[in-house]
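Undergrad: Once you've had a glance at the structure underneath, I'll fire off some questions.
Residue numbers (this note's numbering): -19 to 225.
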């Protein structure tokens, strides 16, 4: 029997990680049927991004954010398999709740953000379309550091990953005000398969793409906020790669 390790971007396991254990169990049962061989897929949860980044190259199947997907493809030979058809990485541009500010005030202002995350580029692209260009980006280690810098008054504006903002407590969200939300639909998380399993690529893809049509698979996807899964090809990473430049 083959034993695969599946890792998932920590942002997607911060709440209700048990959903991914069920997802891995489903893959174990259904990829095995596709390949007519024994397979056990084990979900390995990462406590934080440092742990995830350290171990991701050794995993067999990964649900990765856009920048990690590029790293896995370019440095380790991973292949994109599928992505959710309804989920995209978007950003919100925020200020403090009591700040009398509009989006136009971001023009030539200092903005705190996690500069290493591609969603920052998504936000800048959206701002540029509205003729708004910050004077500088203030690098933050995490999205929470961005929020804290606004709480403290160290900076007036920030860029946040939309999913992070949505996951904040209601009390925390009350302390910041959203000035704009991107609708770029340009980058997304995706499933990446390790190069040593290319002989199973079609079987893995068929299993993932068929989940929405299966009653149990559809329920599992719904728990993850996914309507369905769409096939991905290597060329689809080019748009993400272009945004990084």
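Cβ atoms here follow ideal geometry from the backbone N, Cα and C, with glycine treated the same way.
Buried or exposed, going by whether 16 or more other CB atoms sit within 10 Å of the CB of residue 201?
TA: Taking the first residue of the chain shown as position 1, residue 201 is located at position 221. Buried is the call here.
Undergrad: According to DSSP, is residue 144 part of a helix, a strand, or is it coil?
TA: By 1-based counting over the chain shown, the position of residue 144 is 164. Three-state result, residue 144: helix.
Undergrad: Would you mind reading off the limits of the alpha helix (DSSP H) that contains residue 184?
TA: The count along the chain shown starts at 1 and reaches residue 184 at position 204. Its alpha helix (DSSP H) spans residues 181 to 190.
Undergrad: Can you list, in chain order, the stretches of the beta strand (DSSP E) that have 3 or more residues and sit fully within the region 45 to 94?
TA: Those beta strand (DSSP E) runs which fall completely within the region 45 to 94 and span 3+ residues are 59 to 64, 71 to 76 and 90 to 93.
Undergrad: DSSP three-state call for residue 206: helix, strand or coil?
TA: For the purposes of this step, residue 206 is taken as the residue at position 226 of the chain shown. The answer is coil: DSSP assigns residue 206 none of H, G, I, E or B.
Undergrad: Cβ-heavy atom distance between residue 106 and the ligand FMN below 8 Å?
TA: Ligands in the displayed structure: none, and consequently the ligand FMN is not present.
Undergrad: Taking 9 Å as the cut-off, decide whether the C-beta atoms of residue 67 and residue 93 are in contact.
TA: Within the chain shown, residue 67 is the residue found at index 87, counting from 1. Within the chain shown, residue 93 is the residue found at index 113, counting from 1. Result no, Cβ atoms of residue 67 and residue 93 do not sit closer than 9 Å.
Undergrad: Apply the 10 Å Cβ neighbour rule to residue 60 and answer buried if 16 or more other Cβ atoms are within range, or exposed otherwise.
TA: As a position in the chain shown, residue 60 is number 80, starting the count at 1. Result: buried.
Undergrad: Is it a yes or a no for the region 82 to 90 touching the region 103 to 115, going by three-plus beta-carbon pairs under 8 Å?
TA: yes
Undergrad: Less than 9 Å between the C-beta atoms of residue 44 and residue 172, yes or no?
TA: Translated into the one-based positions of the chain shown, residue 44 becomes position 64. Translated into the one-based positions of the chain shown, residue 172 becomes position 192. Yes, the Cβ-Cβ distance between residue 44 and residue 172 is below 9 Å.
Undergrad: Per the contact definition of three or more C-beta pairs closer than 8 Å, is the region 122 to 131 in contact with the region 139 to 152?
TA: Three or more beta-carbon pairs drawn from the region 139 to 152 and the region 122 to 131 are found closer than 8 Å, and the two stretches are therefore classed as touching.
Undergrad: Per DSSP, residue 21 is paired with what?
TA: The residue you call residue 21 lines up with position 41 of the chain shown. For residue 21, which the question treats as bridged, DSSP gives the partners -16.
Undergrad: Can you give me the C-alpha to C-alpha distance between residue 24 and residue 194, rounded to a whole angstrom?
TA: Translated into positions along the chain shown, residue 24 becomes position 44. Translated into positions along the chain shown, residue 194 becomes position 214. Using only the alpha carbons, I get a separation of about 25 Å.
Undergrad: Using 8 Å as the Cβ pair cut-off and three pairs as the minimum, do the region 160 to 168 and the region 96 to 112 touch?
TA: With the cut-off at 8 Å, the region 160 to 168 and the region 96 to 112 touch.
Undergrad: Report the three-state DSSP secondary structure of residue 223 (helix, strand or coil).
TA: In the chain shown, residue 223 corresponds to position 243, counting from 1. Three-state result, residue 223: helix.
Undergrad: So what does residue 157 bridge to, in DSSP terms?
TA: Position 177 of the chain shown, counted from the start, is the residue given in the question as residue 157. Answer by DSSP bridge pairing, in chain order: 75.
Undergrad: Can you tell which of 30, 42 and 47 has the C-alpha that lies nearest to the C-alpha of residue 224?
TA: Position 244 of the chain shown, counted from the first residue, corresponds to residue 224. Checking every option, the nearest Cα to that of residue 224 belongs to 47.
Undergrad: Flag this pair as touching only if the region 169 to 183 and the region 25 to 43 have three or more C-beta atom pairs under 8 Å; answer yes or no.
TA: yes
Undergrad: Count the CB pairs spanning the region -16 to -2 and the region 18 to 34 that are closer than 8 Å, and state whether there are at least three.
TA: Because the criterion of three Cβ pairs below 8 Å is met, the region -16 to -2 and the region 18 to 34 touch.
Undergrad: What residues are listed by DSSP as bridge partners for residue 116?
TA: One-based indexing of the chain shown puts residue 116 at position 136. Note: residue 116 sits in a beta bridge opposite 90.
Undergrad: So, residue 167 versus residue 74, is the Cβ gap smaller than 9 Å?
TA: The count along the chain shown starts at 1 and reaches residue 167 at position 187. The count along the chain shown starts at 1 and reaches residue 74 at position 94. No, the Cβ-Cβ distance between residue 167 and residue 74 is not below 9 Å.
Undergrad: In chain order, what residues of the same chain lie with their CB nearer than 6 Å to the CB of residue 39, ignoring the 5 residues before and after it?
TA: Position 59 of the chain shown, counting from 1, holds the residue named residue 39. Closer than 6 Å at the Cβ level, and outside the excluded window around residue 39, lie -15 and -13.
Undergrad: Give the DSSP-derived three-state secondary structure of residue 138 in the structure shown.
TA: Counting from 1 along the chain shown, the entry for residue 138 is found at position 158. Strand at residue 138.
Undergrad: State the Cα-Cα distance for the pair residue 52 and residue 108, rounded to the nearest angstrom.
TA: Numbered from 1 along the chain shown, position 72 holds the residue referred to as residue 52. Numbered from 1 along the chain shown, position 128 holds the residue referred to as residue 108. Residue 52 and residue 108: Cα-Cα distance of roughly 29 Å.
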